[in-house]
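Since the structure comes first, as structure tokens, the remarks are kept for the end.
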Amino acid sequence: MYYMKRVFLIVATLALVLLQLPDSCFAQHTLPVKRPPNIVLIVSDDHAYQAISAYRHDLINTPNIDRIGREGAIMRKAYVTNSVCSPSRAVILTGKYSHLNGLRDNGSFFDSTQQTFPKILQQHGYKTAVIGKWHLWSAPTGFDYWNILPAQGHYYNPDFIKMGKDTAYTGYVTDVITDLSVQWMNQNKQYPFCLLLYNKAPHRNWMPPLKYLDECNNHTFSPPANFYDDYKDRAGLQRQHITIANDLDLKYDSKIICDSCKPAAINDWAPAEFQREIERLTPAEKKVWDAAYAGEQEVFKQLRTNDERVRFQFQRYMEDYLRCIHSVDDNTGRVLRWLDSSGLAGNTIVIYMSDQGVYLGEHGLYDKRFMYEESFRTPMLIRFPALISPAQKIDAFALNLDIAPTVLDLAGITVPSAMQGVSMKKLLQKGTDEHWRKEIYYHYYERSFGLTPHYGIKTSRYKLMHFYGAVNTWELYDLKNDSAEMKNLADDSKYGRVRQELEKRLRFWQRYYKDPVKE
Ligand SMILES: [Ca+2]
């Protein structure tokens, strides 16, 4: 007992002496060199913010994605600069608008010789990897490891291109991407690492994991209030072919085998594509699939009116879309739990986002591309315990353009001046930043699916868009009174001055971002 007391006294005295030493002593002699943070950037494909319970709670429960926001920040007003897959991915990598990074539409090749944030991290000693849907056509550069889906990839038993070599895996694509990601992090955890975990899901044609094929069967989804939008005074909407009513394929999208049903001209490729997808299932898996959709075939046969058919296709879309997201959420949870168990969670930046938002029936649509809110926005949740206090709800206009500069800044690396995005460091740290952008500039170029190129500006209250090319029309919305963007006020004289001011600001941002604007 006597010795125990002596040992205690000696330890206590030593502790007191150490506590009184100036901080610099510790800094110079005892603290290890601070390791740069790891980065895990999860980008899903076409994940609407409406289908994340942290944003909207009545469609699906996504506890794992929500956890990122609960333990960090949820960006409640995050947007993209060009709402379509490849262009948004190029913006994320480069921190530059499409006209400067060169990738304006899904058909273009990414110039892989240009500067990207993974390249810069690699130059600063990071191990870097991209796993999953790449969709930039040129081979990835700036990565120590890459294992990507060819083009859009497949949902079942997917093919991959691993460091340039064709390979294939058994299983469901979202599980496989996460398996490979966890494996790679495990192998590289002794280094600072940056992982781009790029999901294919929940992209069209929404093929769910077999284990969730029966989910949502007992729930009827209500179409949004503007599902039957008549597109009055909006030429861009009148010309598009991305409606649930007319442009979804029964077989490819709704999984209904109807031999007498002819695909619409825009979907003439879809039935064959569906066949290729379904043939990837093993005979045992195909049995599970057929059994799960047998009930849907029966419901389809009972439909009598066109509106019943449209609502049925909306229901089918929602069911399969949300089933895919359930798996994305499960797998996001696996990544978070791996970070917990490896002890790296505290010093790892985790970002969950999508390449852009998507319509879940708003304006009667199922796709993206337009500058209307649902596809212009993206979910974005960021956790970094070393900097961000828990449960931050941030309403500043964040952009996919800001990811590259933010990641570099948080890693302690100088952001190249050529990047057009802005580091969100202060915003994340303090929750607000009085100097943050108050307006967003947008430019969409692609003409597929009857879309019309357009650019525009959004402020906290208004949105002004100019559709050009096949048409020359303007749209103006007062978001305070018309958040669903149904009434085009561009030619309303009461809004003449508002439009004039917005046009001025629009031209300012075009000059600022060096967008040459070819019409
Ligand atoms: Ca996408």
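The opening residue of the sequence shown carries number 19 in the working numbering; numbering runs sequentially from there. Quick reminder that beta carbons are idealized off the backbone N, C-alpha and C, glycines included.
Distance, residue 383 Cα to residue 506 Cα: 18 Å
Distance between residue 325 and residue 54 (C-alpha atoms, nearest Å): 56 Å
Residue 72: which of 397, 532, 502 sits nearest, CA to CA? 397
If you count every other CB in all the chains shown that lies within 10 Å of the CB of residue 453, and 16 or more means buried, which is it? exposed
Curious, which full-length beta strand (DSSP E) runs of at least 3 residues does the segment 125-205 contain? 145-151, 163-167, 177-180, 183-186
Exposed or buried, what is residue 529 when buried is set at 16 or more other beta-carbons lying within 10 Å of its beta-carbon? exposed
On the DSSP bridge list, what partners appear for residue 58? 213, 368
DSSP beta-bridge partners for residue 473? 461, 484
Pick from 468, 62, 527, 508 that is closest to residue 283, judged by C-alpha positions: 468
Extract the residue ranges of the beta strand (DSSP E) inside the segment 481-527, only unbroken runs of 3 or more that lie entirely within it. 491-496
Mind checking residue 361: buried by the 16 CB within 10 Å criterion, or exposed? exposed
Would you say the beta carbon of residue 84 comes nearer than 7 Å to a heavy atom of ligand 1? no
Quick test of your reading: residue 480 and residue 495, contact by CB under 8 Å. State the CB separation rounded to the nearest angstrom. 7 Å
Take every Cβ of the segment 442-453, pair it with every Cβ of the segment 107-126, and state whether three or more of those distances are shorter than 8 Å. no
Count Cβ pairs between the segment 350-361 and the segment 275-282 that sit closer than 8 Å; are there 3 or more? no
Run through the DSSP bridge pairs and tell me what residue 417 is partnered with. 97
Close Cβ partners of residue 74 (< 6 Å) along its chain, the five nearest in sequence each way excluded: 68
What residue does the beta strand (DSSP E) around residue 258 start on, and which one ends it? Premise fails: residue 258 is in no beta strand (DSSP E) and is neither H nor E.
Measure the beta-carbon distance from residue 213 to residue 203 and round it to whole angstroms, keeping in mind my assumption that it falls under 8 Å. 6 Å
Using a Cβ-Cβ cut-off of 6 Å (strictly less than) and excluding sequence neighbours within five positions of residue 251, which residues of its own chain qualify? 506
Quick one: which unbroken alpha helix (DSSP H) runs of 4-plus residues sit fully inside the segment 337-397? Chain order, please. 391-394
Any heavy atom of ligand 3 nearer than 5 Å to the CB - residues listed: With respect to ligand 3, the structure offers nothing, as its ligand set consists of ligand 1.
Just curious, the beta strand (DSSP E) that residue 412 is in, first and last residue? 410-412
From the DSSP output, which residues share a beta bridge with residue 400? 91, 369
Taking the runs of the alpha helix (DSSP H) that are 4 residues or longer, which of them lie wholly in the segment 226-274? 253-257
Enumerate in chain order the residues of its own chain whose CB-to-CB distance from residue 94 is below 8 Å, with the five nearest sequence positions on each side excluded. 73, 411, 412, 413
Would you tell me roughly how many angstroms separate the C-alpha atoms of residue 299 and residue 269, rounded to the nearest one? 16 Å
For residue 216, which option in 232, 194, 233 has the closest C-alpha, if you only look at C-alpha atoms? 194
Measure the beta-carbon distance from residue 392 to residue 66 and round it to whole angstroms, keeping in mind my assumption that it falls under 8 Å. 7 Å
Would you kindly report the start and end of the unbroken alpha helix (DSSP H) that includes residue 315? 301-320
Report buried or exposed for residue 287, applying the criterion of at least 16 other Cβ atoms within 10 angstroms of its Cβ. exposed
Would you tell me roughly how many angstroms separate the C-alpha atoms of residue 115 and residue 330, rounded to the nearest one? 39 Å
Compare the Cα-Cα distances from residue 471 to each of 457, 242, 489, 364 and report the closest residue. 489
In terms of residue numbering, what span does the alpha helix (DSSP H) encompassing residue 290 cover? 288-296
DSSP-derived helix/strand/coil call for residue 535: coil
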